[in-house]
Each structure stands twice: as C-alpha cells, then as structure tokens.
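Participant: Numbering (this note's numbering), first residue to last: 464 to 623. Ideal Cβ positions, reconstructed from N, Cα and C, are used throughout, including at glycine. Since this is a predicted model, take the numbers as computed values, not measurements. My structure is below; once you've seen it, I'll send some questions.
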C-alpha cells in the first residue's frame with residue numbers, strides 16, 4: 464500500500480480511483496465494510512482504491528481544546544487499512560484553512576482534480592452530516608439574503 468501525506472502527493476499521471484473518506488478511528492466493522500466496498504468497487508472498475516483520512520482529528524481543529532480519544536494509533540490504523548486491500552492511504556493534514564474549504568471545493572479540488580475519483584464511497588453517517596451541513600448553509604445564506612434585501616428596502620424607504 465502506498466502512503467501519501469496529503470492529496471497533493473498523488474503522482475502525476477495518477478489514474479482514476481475509487482475514494483473513500485473518513486476519520487476511520489478504530490477501523491471497526493462499519494469502517495471495514497465501507498473500505499471493503501470501496502476496494503471491491505475499485506476492483507470491478509479496474510482502478511486504484513484510496514482511503515482518505517485526516518491528521519489531526521478534525522475535532523481538534525474545529526473545536527480547539529477538545530481532545531477526542533484516539534482509538535487506534537496512526538501506525539496501527541494504517542496496518543488495519545492495508546490489511547483490507549487498499550492501494551493508497553492518503554493522510555490529509557487537517558488545518559484551519561482546510562476546515563474552511565466548501566464541500567464543493569473539497570470534492571472538486573481534492574477528490575476529482577487531485578485524486579481523480581471515478582467513484583466516492585461514504586458511509587450513511589457522512590451523508591447525513593453532509594445533508595445537515597448543506598441545510599444549515601442554505602438557511603444561513605437565505606437569512607443573509609433576506610437581511611440584505613431588508614436593508615435595501617430600508618434604504619429605499621428612507622430615501623423616498
């Protein structure tokens with residue numbers, strides 16, 4: 464198994480891949496199923512399988528001072544992931560700047576442009592979080608838009 468520090472470490476000429484994303488701390492049975500499915504689909508498509516995980520744990524960056532329990536040390540996690548038949552383990556540095564990437568930028572810039580994802584495999588919890596985040600963003604954007612329109616209306620009324 465190849466090990467990359469960040470998606471930018473993907474070699475030039477890197478082909479298409481099936482990519483799965485997660486912290487995968489513990490590499491428990493649920494994680495094994497997700498990773499195993501990605502490996503299976505990569506084999507069916509004749510492409511490489513890539514597991515993207517993060518270091519440090521995202522919670523440490525988005526909630527400074529929170530120190531989530533480490534269920535599996537990084538070296539052991541890599542061994543467990545390798546045993547599942549994965550071709551590449553990409554450990555993405557999780558920084559404040561990285562945490563500010565939009566979902567669209569993350570998918571396009573990292574998964575599509577750098578890792579050449581032909582297919583992205585995620586667990587149900589990831590999908591649920593993405594839907595919740597998208598809903599929150601949509602509500603926040605709508606509130607900003609409504610406030611902006613209200614301010615425009617206030618100025619128009621004041622000027623009349």
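#1: Can you list, in chain order, the residues of its chain whose CB lies under 7 angstroms from that of residue 502, leaving out five sequence neighbours each side?
#2: Going by DSSP, what residue range makes up the alpha helix (DSSP H) through residue 563?
#3: Name the DSSP beta bridge partners of residue 474, please?
#4: Using the Cα positions of residue 483 and residue 533, report the straight-line distance between them to the nearest angstrom.
#5: By Cβ distance, which residues of its chain are closer than 7 angstroms to residue 490, with the 5 residues on each side in sequence left out?
#6: What does the Cβ neighbour count give for residue 470, buried or exposed, with the cut at 16 atoms within 10 Å?
#7: Using a Cβ-Cβ cut-off of 7 angstroms (strictly less than) and excluding sequence neighbours within five positions of residue 464, which residues of its own chain qualify?
#8: Compare the C-alpha of residue 480 against each of 562, 493, 514 and name the closest.
#9: Could you check the C-alpha separation between residue 556 and residue 495 for me, to the nearest Å?
#10: Which stretch, first to last residue, makes up the beta strand (DSSP E) that contains residue 514?
#11: Quick check on DSSP: helix, strand or coil for residue 578?
#12: So residue 485 and residue 516 are supposed to be a Cβ contact under 8 angstroms. How far apart are they, rounded?
#13: Excluding sequence positions up to five away, which residues of its chain have a Cβ less than 7 angstroms from the Cβ of residue 529?
Facilitator: Working from what's here:
#1: Within the chain shown, residue 502 is the residue found at index 39, counting from 1. 512, 547, 548, 549.
#2: For this step, residue 563 is matched to residue 100 along the chain shown. Looking at the DSSP string, residue 563 is not in any alpha helix (DSSP H), and its letter there is neither H nor E.
#3: Here the question's residue 474 lines up with position 11 in the chain shown. None; residue 474 has no bridge partner.
#4: As a working mapping, residue 483 is identified with position 20 in the chain shown. As a working mapping, residue 533 is identified with position 70 in the chain shown. Going from the Cα of residue 483 to the Cα of residue 533 covers about 20 angstroms.
#5: For this step, residue 490 is matched to residue 27 along the chain shown. Excluding positions up to five away in sequence, the list reads 535, 540, 543, 544.
#6: Along the chain shown, one-based indexing puts residue 470 at 7. With 16 or more Cβ atoms within 10 Å of its Cβ, residue 470 is classed as buried.
#7: Residue numbering aside, residue 464 sits at position 1 when the chain shown is read from its first letter. Closer than 7 angstroms at Cβ, skipping near neighbours: 545, 549, 550, 551, 552.
#8: Along the chain shown, read from residue 1 onward, the residue named residue 480 stands at position 17. Taking only the C-alpha atoms, the option nearest residue 480 is 514.
#9: Stepping through the chain shown from its first residue, residue 556 is reached at position 93. Stepping through the chain shown from its first residue, residue 495 is reached at position 32. The alpha-carbon atoms of residue 556 and residue 495 are separated by roughly 22 angstroms.
#10: Here residue 514 is taken as the residue at index 51 of the chain shown, counted from 1. Taken as a continuous stretch (DSSP letters only), the beta strand (DSSP E) holding residue 514 covers 511 to 518.
#11: Mapped onto the chain shown, residue 578 falls at position 115. The answer is coil: DSSP assigns residue 578 none of H, G, I, E or B.
#12: The sequence position of residue 485 within the chain shown is 22, counting from 1. The sequence position of residue 516 within the chain shown is 53, counting from 1. Between residue 516 and residue 485 the Cβ distance is about 6 angstroms, and since that is below 8 angstroms, they are a contact.
#13: Position 66 of the chain shown, counting from 1, holds the residue named residue 529. The residues are 522, 523.
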